[in-house]
Amino acid sequence: MLDTFQALFQGFAVSFSLQNILACIAGVMVGTLTGVLPGIGVTGAMALLLPLSYGMDAIPATIMFAGIYYGAMYGGSTTSILVNLPGEAASVITCLDGNQMAKKGRAGAALSIAAIGSFIAGTLGLIGLTFCAPVLSRAALRFGPPEYFAISILGLVLLTNLTGQNAVKSFLMVLVGLMLSTVGVDSIAGITRMTFGVPSLMRGFEFGVVAMAVFGINDLFKTLVEPQEERVVGRVKFKELYPTKQEFQRSVGPIFRGTFLGFLIGLMPGPAGTLASFSSYSVEKKLSKHPEEFGQGAIEGVAGPESANNAASSAAMIPLLSLGLPFAPPAAMLLTGFIVHGITPGPTLINQHPDVFWGLVASMYIGNVFLIIINLPFVGVWASMLRTPANILMPIVMVITFTGAFATNNSITDMVVLLVLGIFAYFISKYGYSMAPLAVGIVLGTTIEKGLIQGMIICHGSVWELLTRPLSGAILWIALLLLAVTVFKPIKKLLANSKED
Amino acid sequence: MLKKGYVLTMAAILVISSVTGCGNTKTDPQVSGTKQAQSYPSSEIKWLVPYTAGGSSDQMARLIAKYAKNYIGVDIVIENVGGGGGNVGLSQFVTTSNVNDGYNITSFNTTANLQPIYGTCDYDWLEELTPLALCVSIPIVVAVPGSSPFDTIEELIDYAKANPGSIQYGHAGIGSITNVAGEQFCLEAGIKMTAVPFGSGADALTAVMGSQIDVDVAALSEVLTYGQSGELKILALCTETVIESMPEVPTLVAKGYNVDQKVTQGIAAGKDTDQAYVEVLDEGLGKIINDENFQKELRDFGMDVEYLNASDFSSFLKEQREIFTSVVTDSGILDLVKEQTN
Chain V
1 MLDTFQALFQ
11 GFAVSFSLQN
21 ILACIAGVMV
31 GTLTGVLPGI
41 GVTGAMALLL
51 PLSYGMDAIP
61 ATIMFAGIYY
71 GAMYGGSTTS
81 ILVNLPGEAA
91 SVITCLDGNQ
101 MAKKGRAGAA
111 LSIAAIGSFI
121 AGTLGLIGLT
131 FCAPVLSRAA
141 LRFGPPEYFA
151 ISILGLVLLT
161 NLTGQNAVKS
171 FLMVLVGLML
181 STVGVDSIAG
191 ITRMTFGVPS
201 LMRGFEFGVV
211 AMAVFGINDL
221 FKTLVEPQEE
231 RVVGRVKFKE
241 LYPTKQEFQR
251 SVGPIFRGTF
261 LGFLIGLMPG
271 PAGTLASFSS
281 YSVEKKLSKH
291 PEEFGQGAIE
301 GVAGPESANN
311 AASSAAMIPL
321 LSLGLPFAPP
331 AAMLLTGFIV
341 HGITPGPTLI
351 NQHPDVFWGL
361 VASMYIGNVF
371 LIIINLPFVG
381 VWASMLRTPA
391 NILMPIVMVI
401 TFTGAFATNN
411 SITDMVVLLV
421 LGIFAYFISK
431 YGYSMAPLAV
441 GIVLGTTIEK
451 GLIQGMIICH
461 GSVWELLTRP
471 LSGAILWIAL
481 LLLAVTVFKP
491 IKKLLANSKE
501 D
Chain G
1 MLKKGYVLTM
11 AAILVISSVT
21 GCGNTKTDPQ
31 VSGTKQAQSY
41 PSSEIKWLVP
51 YTAGGSSDQM
61 ARLIAKYAKN
71 YIGVDIVIEN
81 VGGGGGNVGL
91 SQFVTTSNVN
101 DGYNITSFNT
111 TANLQPIYGT
121 CDYDWLEELT
131 PLALCVSIPI
141 VVAVPGSSPF
151 DTIEELIDYA
161 KANPGSIQYG
171 HAGIGSITNV
181 AGEQFCLEAG
191 IKMTAVPFGS
201 GADALTAVMG
211 SQIDVDVAAL
221 SEVLTYGQSG
231 ELKILALCTE
241 TVIESMPEVP
251 TLVAKGYNVD
261 QKVTQGIAAG
271 KDTDQAYVEV
281 LDEGLGKIIN
291 DENFQKELRD
301 FGMDVEYLNA
311 SDFSSFLKEQ
321 REIFTSVVTD
331 SGILDLVKEQ
341 TN
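Sequences listed follow chains V and G, in order. Numbering of the first sequence is given in my numbering, commencing with residue 1 and proceeding in unit increments. Numbering of the second sequence is given in my numbering, commencing with residue 1 and proceeding in unit increments.
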């Protein structure tokens, strides 16, 4: 423990050099920008900056790349809140309540809480990284494909009725999401599925593009088609820009719970950031005394998920730094950034390059402080954007969305997907179907499929073995139990009603 | 006050859209195909990398692009069109209208020589592309967790012989090169192992590190550091020659099993590209790949140079195709893929 402190202080000594501080600032600023811009993912941004880092030393280069990675989680919520357009996959769920808050004139509060929650979660996640990285990464390896399958099933059961509207409609939307996730070349056998001969559909539906379509474009159509009530354009006073005391109090619990949840989920391979934010939202809704406020602009629905995705990004550094295993595409990109500079993350990193490891960890503490300093003053600027009349703001947002969709893969097809799914989402949400379950289906679809196929082979083709393997079994039985309760409840209600009659 | 907010918004949007624009889309000047060879190349060459940014193919392409100006005289710009295991990008490449003008090149990797056998892509890349150079080859290895009871490849083979099918090995996906190497090893050694398909080499590595599977058949670059740190035991190389960094690891060929498989990464142009242009590119790429600094930088990425010029690369690919075809047919991989397609 004492050794860790000593090493960490040496790390701070390394990261406080002018060069490293500048690298850190550059990284987190690019990261924030990446987060704000829809369609520009963390992975893409890092790939573009990789050649720029060739001339840099190893330590500042790795500090910069890590900065982009965790910085993006700060910016992701901005467009979700302002214009219902997720800037990053992990901020999809923030659209639900964040945007409602903005419509009620509380955009500033939502943005501030997102930034503060991100800061707390990022820092707490780092403390976890500093003190228990080796232990946690060993634990994470105990999870194999059968466990990923089990967790995804549990996620599906817990997250299906996320928005708490009509259960049947939510279930249908999850199915649509699962179906959409099967389009393209499957990653196990390389078989092309449901592309109808369109080559560019072989890569499947990009989650970011789908999210932009079903939230952003959907909302734009709504603004275009339906008569808008005059938006209150009045000047927001400085004091009103930031959260009220009551809003703060309501956010404390969600921030800490989100951090804890996000950190655990972040240790798992797959779309951890997105899953973490979805789970946190679901937990907050279940715990809340006013669940009816969710979807109408509950600050808990911003505070929890935005903290969770930051904690997840800190946690994802653990398998990367201590085992050299990237659990998600951005982590893989970060790994590339390290390797370019002759540093191979892995079990030997701490001993072979203590200056790099601890310098990097220390720089992340500093980077988190910078991020909150950079982001809080911008709250006012962003919030004032909303005073732009819809007839000017919306076309601009539309252009950015389409540019972003194109930039994701340099593909026209993604723009068509954006438009078609957007129109689909607009009509179907008119009939009371909500889009969050669809997102859940898409996020979990691939993990479920892969986990099931690999898990069944590992379990020698026996379902019973899958259900009795200690970890996967326990999780699956919990999921089944929850499912039984969910199904049983309405039946019981129905029976009770019929007795009364 | 309304006006100020408006101006701010516009400013923010302009900055955002300009960053988005120049960051990701590269516009190329249209180049006419009737240029004389003397003046070729006169403008930048576009390299369509059919994989997402950050992977080893992308890294190699970007490194070559870095040296292009010196040796070819013009810049190479990279465009990533990922997805479908390279099929999306390659399909787009061969259907580009000016694909044969000498200003369009693409990557030609092991996968592109495997997929046409399965019939999972619309074109046969070997027929649709003109090979220019082979740049990288990475040996395939057989690795087990550090805690595994197997210390040598013989122990693994003996156990697998006594317990057919009980050993589970991970590979990067049905029909992938690691799957082919794993099955060829089984055929040669007369054993049976259960193949567990993962979506990527990294997923298979994670599983073997956690002892979820017994064996990982993987590219050396993925597992080298773990072999050195003892987290994994590298039992054998699926090649003819041993590697410098771990000379104690035996090759399967030396053990009497004729398995010679590696991940290769090369470069190709459109099939009807003018022979004069092909020669210029062949020579220029050869100079880049033989540059010492280039080789050093490539090694930093964990890739080793294996250079073949255009004609040698072309015969290498044809020979490789024959081996692939016989292994995937004999091992039943082909039937497995066909079964899933129908």
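Where a beta carbon is used, it is the ideal one built from N, C-alpha and C, also for glycine.
Interface flag, residue i vs chain G, CB-CB below 8 Å
i                : result
Lys450 (chain V) : yes
Leu481 (chain V) : no
Met202 (chain V) : yes
Tyr242 (chain V) : no
Ile372 (chain V) : no
Ile151 (chain V) : no
Gly324 (chain V) : yes
Pro271 (chain V) : no
Pro145 (chain V) : yes
Asn84 (chain V)  : no
Pro199 (chain V) : yes
Asn512 (chain V) : In this structure chain V extends from 1 to 501, so residue 512 (chain V) is not present and cannot be described.
Leu141 (chain V) : yes
For residue j and residue i, believed in contact at Cβ under 8 Å, the rounded distance
i                : j                : result
Phe205 (chain V) : Val183 (chain V) : 6 Å
Ser322 (chain V) : Ser112 (chain V) : Between Ser112 (chain V) and Ser322 (chain V) the Cβ distance is about 34 Å, and since that is not below 8 Å, they are no contact.
Gly359 (chain V) : Val14 (chain V)  : 4 Å
Gly85 (chain G)  : Gly190 (chain V) : 6 Å
Phe263 (chain V) : Ala315 (chain V) : 5 Å
Thr110 (chain G) : Ile177 (chain G) : 5 Å
Beta carbon proximity, residue i to chain C, threshold 8 Å
i                : result
Val185 (chain V) : You won't find chain C in this structure, because its protein chains are V and G.
Residue i - containing beta strand (DSSP E), residue span
i                : result
Leu308 (chain G) : 305-308
Ala268 (chain G) : 262-270
Gly530 (chain V) : The first residue shown for chain V is 1 and the last is 501, placing residue 530 (chain V) beyond what the model contains.
Gln168 (chain G) : 168-171
Val196 (chain G) : 194-197
Lys287 (chain G) : Run containing Lys287 (chain G): none in the beta strand (DSSP E); it sits in the alpha helix (DSSP H), 275-289.
Limits of the unbroken alpha helix (DSSP H) element including residue i
i                : result
Tyr74 (chain V)  : 58-83
Gln296 (chain V) : Segment: none, Gln296 (chain V) is in no alpha helix (DSSP H) and carries neither H nor E.
Pro354 (chain V) : 354-385
Cys135 (chain G) : Counting along the chain, Cys135 (chain G) falls outside any alpha helix (DSSP H), though it belongs to the beta strand (DSSP E) covering 129-145.
Gln228 (chain G) : 220-229
Ile177 (chain G) : 177-189
Beta carbon proximity, residue i to chain V, threshold 8 Å
i                : result
Ile64 (chain G)  : no
Leu232 (chain G) : no
Tyr226 (chain G) : yes
Asp216 (chain G) : no
Ile117 (chain G) : no
Ser32 (chain G)  : Only weak support exists for where Ser32 (chain G) lies, its pLDDT of 41 falling under 50; the value from the coordinates is given anyway. No, Ser32 (chain G) lies away from the interface with chain V (no Cβ there is under 8 Å from its Cβ).
Ile167 (chain G) : no
Asp300 (chain G) : yes
Met303 (chain G) : no
Phe108 (chain G) : no
Val74 (chain G)  : no
Heavy atom of the ligand HEM within 7 Å of residue i beta-carbon
i               : result
Phe16 (chain V) : The ligand content of the structure shown is nil, which means the ligand HEM is not present either.
- Looking at C-beta atoms only, is the number of pairs between the stretch 305-316 of chain V and the stretch 254-267 of chain V that lie closer than 8 Å three or more? yes
- Any contact of the stretch 164-172 of chain G with the stretch 195-203 of chain G, i.e. 3+ C-beta pairs under 8 Å? yes
- Query: At a cut of 8 Å, does the stretch 350-367 of chain V reach the stretch 91-110 of chain V through at least three beta carbon pairs?
  - Reply: no
- Would you list, in sequence order, the uninterrupted beta strand (DSSP E) runs of no fewer than 3 residues that lie entirely inside the stretch 48-122 of chain G? 76-80, 104-109
- Message: Would you call the stretch 128-142 of chain G in contact with the stretch 260-274 of chain G, where contact means no fewer than 3 C-beta pairs closer than 8 Å?
- Response: yes
- Task: Report yes or no: do three or more beta-carbon pairs, one from the stretch 234-241 of chain G and one from the stretch 140-154 of chain G, lie closer than 8 Å?
- Result: yes
- Message: Counting beta carbon pairs with one atom in the stretch 248-267 of chain G and one in the stretch 70-85 of chain G, are three or more of them shorter than 8 Å?
- Response: no
- Query: How do the stretch 326-342 of chain V and the stretch 260-271 of chain V stand: do at least 3 beta-carbon pairs fall below 8 Å, yes or no?
  - Reply: yes
- Any contact of the stretch 72-81 of chain V with the stretch 34-41 of chain V, i.e. 3+ C-beta pairs under 8 Å? yes
- Task: Check whether the stretch 54-72 of chain V touches the stretch 18-26 of chain V, taking contact to mean three or more Cβ pairs, one atom from each stretch, closer than 8 Å.
- Result: yes
- Should the stretch 295-304 of chain G be regarded as contacting the stretch 42-52 of chain G, the criterion being three or more beta carbon pairs within less than 8 Å? no
- Task: Report yes or no: do the stretch 276-292 of chain G and the stretch 64-78 of chain G share at least 3 C-beta pairs separated by less than 8 Å?
- Result: yes
- Message: Quick test of the definition: if touching needs 3 or more C-beta pairs under 8 Å, does the stretch 118-127 of chain V touch the stretch 368-382 of chain V?
- Response: yes
- Are at least three pairs of beta-carbons, each pair with one atom in the stretch 288-298 of chain V and one in the stretch 457-466 of chain V, less than 8 Å apart? no
- Task: Give, in chain order, every unbroken run of the alpha helix (DSSP H) that is at least 4 residues long and sits entirely within the stretch 174-224 of chain V.
- Result: 207-211
- Query: So, do the stretch 155-168 of chain G and the stretch 185-193 of chain G have three or more beta carbon pairs nearer to each other than 8 Å?
  - Reply: yes
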